[in-house]
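Protein chains in written order, with the numbering used here: chain A, 1 to 400; chain B, 401 to 800; chain C, 801 to 1200.
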Amino acid sequence: MALTQSDKLKQLVAAQQRGYSLAQSFYKDLDVYQAEVKNIFLKHWLYAGHVSQIPSSGDYFTVDFDTESVIVLRTAVGAVKAHLNLCRHRGSRICLDQSGSQKSLTCPYHAWSYNLDGELISARNMPDDFARSVNGLHHVNVALLGGLIFICLSNTPLSLDSLRHDLKQPFKLFGMNSMKLAEQKSYRILANWKLAVENYQECYHCAPSHPEFAQIHAMAKSPKVFQTAKVNFSQANQDNPKFMALNRYFDLAEKGQEGYQYDRNPLLPGALSGSVGGKPVAPLLGALQEYDGGASELMIGPLSYFLIYDDHMLGYRFLPVSVDECICEVSWFVEESAVQGQDYQLEQLTWLWDVTTQADKSIIMNNQKGVDSRFYQPGRLSEMESFQQSFLDWYLQTLV
Amino acid sequence: MALTQSDKLKQLVAAQQRGYSLAQSFYKDLDVYQAEVKNIFLKHWLYAGHVSQIPSSGDYFTVDFDTESVIVLRTAVGAVKAHLNLCRHRGSRICLDQSGSQKSLTCPYHAWSYNLDGELISARNMPDDFARSVNGLHHVNVALLGGLIFICLSNTPLSLDSLRHDLKQPFKLFGMNSMKLAEQKSYRILANWKLAVENYQECYHCAPSHPEFAQIHAMAKSPKVFQTAKVNFSQANQDNPKFMALNRYFDLAEKGQEGYQYDRNPLLPGALSGSVGGKPVAPLLGALQEYDGGASELMIGPLSYFLIYDDHMLGYRFLPVSVDECICEVSWFVEESAVQGQDYQLEQLTWLWDVTTQADKSIIMNNQKGVDSRFYQPGRLSEMESFQQSFLDWYLQTLV
Amino acid sequence: MALTQSDKLKQLVAAQQRGYSLAQSFYKDLDVYQAEVKNIFLKHWLYAGHVSQIPSSGDYFTVDFDTESVIVLRTAVGAVKAHLNLCRHRGSRICLDQSGSQKSLTCPYHAWSYNLDGELISARNMPDDFARSVNGLHHVNVALLGGLIFICLSNTPLSLDSLRHDLKQPFKLFGMNSMKLAEQKSYRILANWKLAVENYQECYHCAPSHPEFAQIHAMAKSPKVFQTAKVNFSQANQDNPKFMALNRYFDLAEKGQEGYQYDRNPLLPGALSGSVGGKPVAPLLGALQEYDGGASELMIGPLSYFLIYDDHMLGYRFLPVSVDECICEVSWFVEESAVQGQDYQLEQLTWLWDVTTQADKSIIMNNQKGVDSRFYQPGRLSEMESFQQSFLDWYLQTLV
């Protein structure tokens, strides 16, 4: 007799041994994947984009994952809102481009027209008892964290209050309200999304796989060396809010609150930024007055990661296309007054994390190939994969 | 306990609300798709091609849909016949090209050879008790309507008698026996076939999506404006058989008879044909003596549609490749004596419906993307989608 | 109530009629395919490559099928060994190239390092209770037959003793220990692997499909003509070990022993090798002193076939990519002292079986298209498909 999907997932979770990589089914099974979309991607806050992408009323961009598409836009009164990219008539996509600007959201099929707030304002030749008022676009929750735009497709989104409260000081220091998006690149990875997220979460692979990164970040060193450097770095900067450490990630999040993490790590001696030779590549961010030779890790929700150097910020977002394909989108942010070609060069700004992400893409896809083998067994995790272990603990609870 | 396929389909049909677009499963579920192939594509008459494509004995073309392939050919005595493109030995395709000419149907694998009537005439080195007589090619029913060739893969095809009787006069007027195929184009659409058929069945989208069409056809106007124009047009042409109206489509078809429809609609003032500026593009068809500023809609079976201007005819055929892909094939017909480059120019002849079908291809694919969303819900149909509603009514009855 | 997979397969096998091609499910059903991988590809010996491909310590090549990848290499002491290409940490592929040379097997992800014998020799920062000794690479069995390398992924591989014993003399004559690989080509075929294997097993299709082959090999003639030629050829060479005939293939194999077959067949009068005009294309193999106008068929296990002309040997290997895709890999071997460009020309050497395999690729894919039809029925096999019938008999026993 066939198991119900729910029982199947529970059995899989129960059989998973702590301290080991996940069993194959978690990376291949369609029922697992559907549960992930439902319980993770449709429930948590996702980094969508930046206010600098939609400066004027009517400006929009879309965010796609799995079978879903969301329109994020600037309304007539200048608010940021989001709607499902799905006409209420016969289901056509409304915005066909990844970004653009328009006065209203008019479906290209039968011209049903919605205002920027998502209300249906025009639908020709409908029966008399048709009610426009209940045929507006599906609402998607939006939250601004500095200039960062987050979306959540749940009707009962987790609260961001703790996060806002705790991160107030670093956000101020780094000028989260005064950045602009300098560049954005998408990396299409033929692998399950968790292999990509897990890859981001551990630096056990940094030394062998990322020589460019390893020349700049102390984190690529052995845990002992790195911890010593980190302790020294923190002690030298006590009472500086840049050096706070907040661990509310994954299962450490308070009930009803979205998870987050903030921490500052040392670069290697001499390095000031994430660039060739660790040299500065852009004007200092926000209220910063000097380089301190560190970089901050910021995690907002389980799927969006930020890395803040003193002169630029990286954003990492992981979204699934299907069970065996995902997209890692990388964003580079600089102080909004910085002028491209004058204050910063795109090639210098993006070099380190473009080369690193390209290497990761290859690594992740080779990982998937092996995980697909019927001889694959979960392997023992190292001491440098403890953050990934936290993710796995949370993931297994969240799935069922 | 898992539902049987039949029960699942019955539940889906019962849950579908009239006046709304179909639920998502109808566009994505493999069981639904298999039932459609069985109950629609294998039971109804399909437009295959035109006699002008196979003038001589041995000439053939193939018609493919889903996993099936049919050879339509001219036999030794000049008859039009059709066989499955499937060798009775080990199952190889026999005709590998889309069209050609050959004296016999010899399988390229082991050279089993069939005559043009489909009888096995040669099979080397077979056991003594092997009976060639029962190893002929599978027979496919063929019917000629004027020069149009229809095929039906059922052993008990629906009758075409009513259709033949009712359409006798318009067929004569338009010279259905004296046309030739001038051009044929295939449009591969990454969407379920019903989204393509539904698109063809309603003109609610014509005004916003097809500016070229809307400048020529009154049908793109609002229902009120169009109906007034149509009534005036019909009254001015009473007793002319071009202006008969026959509604035997879908559930209006008599039991045991294939469905059909015939109707004549006005173009906009000044337009004589479906072309740039509505100008004539070819010699008048058949027995016609003048342009009347109209175009006839002709539907033969649920999947083949024709549009007859006074100087050329369009054919539209919709066939599935798989649950999420279909092919719309468009054919242009002119009077058989017309000479290309002299009496008509291909580019002028094909312009309107090539540009329109390309636009529809894009529209239909964007419709599928939205229908794939887990937030898609059937939406209310407009008053201009009543013919599509008739199709849906029939479809739901036919599926189970 | 749904059948278990095992019951389903048993019903399929029971319903299959002898003397007919296989029913459609055997070529399309995923449960059938999974059973095939388990009971055939993971249990039997597969031709992997040739010792001349890995002359030095650290040289390796990979063999891939379905989701599996195997590293075949030369160890530090010069032995040939094979390991699964699967890191015991988190499952990454280790060797990413199809061939190469390296001192140790270091995973490109986290740098776990294995020696050439597959033992884990380095894994940084692991917990104290982590045991390297039980985290070596998965062992794959290797056997050398002359210079041919075979692999078997079963823990209890079939014995090759009978085969070694029986084939000793022909192996000596043909210098199986003194060949080198001259060329290797992969043919990716969009069809189930059995359609490719069955194609190799019968020459009913040779005359109509392979004019190049049919001009050289007597086997393409009718059974009567071929048998007469074969009897005459054998009688003229009695007591020559080249002309022994060993039928231990498929169900004729002894229990616990891998199957094999050896036989020598005449070429057409005047032909000495498999080449344009049947002319010699390379120096005589091994201990041979002259051309005898024949070619030997050698089958080792159910999936690897060899064809031995007096001056070169062909190897044919069939491996699945998925249920509907396979790879046929063809290898050309010559005497190891032969010098390319001087003693043989690659183009002349490879011509016949490259052109023949390209034709087969097309034939096999057209066969699959027909087998996919819902109207496909198993067809009667000819008298020239008896070896294929032996394969089918064995296959049906082996599947369940």
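Cβ atoms here follow ideal geometry from the backbone N, Cα and C, with glycine treated the same way.
Source: prediction; values computed, not measured.
Next on the checklist: Going by DSSP in three states, lysine 43 of chain A sits in which element: helix, strand or coil?
Outcome noted: coil
Next on the checklist: List, in chain order, every chain A residue whose beta-carbon is nearer than 7 Å to that of valine 771 of chain B.
Outcome noted: Gly91
Next on the checklist: With a threshold of 6 Å on Cβ separation, who are the neighbours of arginine 132 of chain A within its own chain once the five nearest residues in sequence on each side are excluded?
Outcome noted: Leu120
Item to check | chain A residues whose Cβ lies nearer than 8 Å to that of alanine 835 of chain C | outcome: Neighbours of alanine 835 of chain C on chain A: none; closest Cβ ~13 Å, over 8 Å.
Next on the checklist: So leucine 1149 of chain C and alanine 1082 of chain C are supposed to be a Cβ contact under 8 Å. How far apart are they, rounded?
Outcome noted: 6 Å
Next on the checklist: Quick check: the Cα distance between asparagine 1167 of chain C and arginine 1180 of chain C, rounded to an integer number of angstroms?
Outcome noted: 15 Å
Item to check | Cα-Cα separation between isoleucine 949 of chain C and glycine 1093 of chain C, rounded to whole angstroms | outcome: 28 Å
Checklist entry - Using the beta-carbon count (16 or more within 10 Å), is glycine 278 of chain A buried or exposed? => result buried
Checklist entry - Whose CA, out of A:Ala23, A:Gly19, A:Cys152, lies closest to the CA of valine 13 of chain A? => result A:Ala23
Checklist entry - With contact counted as at least three CB pairs below 8 Å, one residue from each stretch, are the region 578-593 of chain B and the region 756-771 of chain B in contact? => result yes
Next on the checklist: Output needed in chain order: residues of the region 593-616 of chain B with a Cβ under 9 Å from some Cβ in chain A.
Outcome noted: Leu595, Glu598, Asn599, Glu602, Tyr604, His605, Ala607, Pro608, Ser609
Item to check | Delimiting residues of the beta strand (DSSP E) encompassing cysteine 726 of chain B | outcome: 725-735
Checklist entry - Using the beta-carbon count (16 or more within 10 Å), is glutamine 745 of chain B buried or exposed? => result exposed
Checklist entry - Which residues bound the beta strand (DSSP E) around asparagine 541 of chain B? => result 539-545
Item to check | Buried versus exposed call for glutamine 411 of chain B [16 or more other C-beta atoms within 10 Å across all chains shown] | outcome: exposed
Checklist entry - Between which two residues does the alpha helix (DSSP H) containing proline 211 of chain A stretch? => result 211-214
Item to check | Reference alanine 1138 of chain C, options C:Leu981, C:Lys843, C:Ser922, C:Leu905, closest by Cα | outcome: C:Leu981
Item to check | Min CB distance methionine 784 of chain B to chain A below 8 Å | outcome: yes
Item to check | chain B contacts from the region 120-132 of chain A (Cβ-Cβ distance under 8 Å) | outcome: Ala123, Arg124, Asn125, Met126, Pro127, Phe130
Checklist entry - In its own chain, which residues sit with a C-beta less than 8 Å from the C-beta of glycine 1170 of chain C, not counting the 5 before and 5 after it? => result Tyr1176
Checklist entry - Do you know whose CA, among C:Asn839, C:Ser852, C:Phe841, C:Val940, lies nearest glutamate 1136 of chain C's CA? => result C:Ser852
Checklist entry - Going along chain A in order, which residues have a C-beta closer than 8 Å to the C-beta of leucine 886 of chain C? => result Gly370, Ser373, Phe375, Tyr376
Item to check | Cβ separation of leucine 685 of chain B and methionine 644 of chain B, assumed to be a contact under 8 Å, to the nearest whole Å | outcome: That pair is no contact at about 17 Å.
Item to check | Residue span of the alpha helix (DSSP H) that contains proline 170 of chain A, given as start and end | outcome: 168-173
Item to check | Alpha-carbon to alpha-carbon, tyrosine 600 of chain B and lysine 103 of chain A | outcome: 30 Å
Next on the checklist: Once the 5 residues before and after asparagine 577 of chain B are set aside, which same chain residues still bring their CB inside 7 Å of it?
Outcome noted: Gly546, Gly547
Item to check | Run of the alpha helix (DSSP H) containing tyrosine 370 of chain B, from where it starts to where it stops | outcome: A query on residue 370 of chain B cannot be resolved here, the shown segment of chain B reaching from 401 to 800 and no further.
Item to check | Interface flag, histidine 510 of chain B vs chain C, CB-CB below 8 Å | outcome: yes
Item to check | Straight-line gap, leucine 173 of chain A to alanine 143 of chain A (C-alpha atoms, nearest Å) | outcome: 20 Å
Checklist entry - Under the DSSP definition of a beta bridge, which residues are partnered with aspartate 263 of chain A? => result A:Glu297
Checklist entry - Could you give the C-beta distance for cysteine 107 of chain A and serine 122 of chain A, rounded to a whole number, given that I count them as a contact under 8 Å? => result Not quite, the Cβ-Cβ distance comes to about 10 Å (not below 8 Å), so this is no contact.
Next on the checklist: By DSSP's criteria, arginine 1117 of chain C is part of a beta bridge. Which residues make up the other side?
Outcome noted: C:Ser1104, C:Glu1129
Item to check | Whole-angstrom distance between arginine 18 of chain A and glutamine 389 of chain A, CA atom to CA atom | outcome: 8 Å
Item to check | Start and end residues, beta strand (DSSP E) containing valine 985 of chain C | outcome: The question names valine, but residue 985 of chain C is lysine in the sequence shown. Taken as a continuous stretch (DSSP letters only), the beta strand (DSSP E) holding lysine 985 of chain C covers 979-989.
Checklist entry - Quick one: Cα of lysine 1024 of chain C to Cα of lysine 838 of chain C, how far? => result 40 Å
Next on the checklist: Please list, in chain order, the chain B residues whose beta carbon lies closer than 9 Å to that of glutamate 325 of chain A.
Outcome noted: Ordered by position in chain B, no residue passes the 9 Å Cβ test against glutamate 325 of chain A, which lies about 15 Å from the chain.
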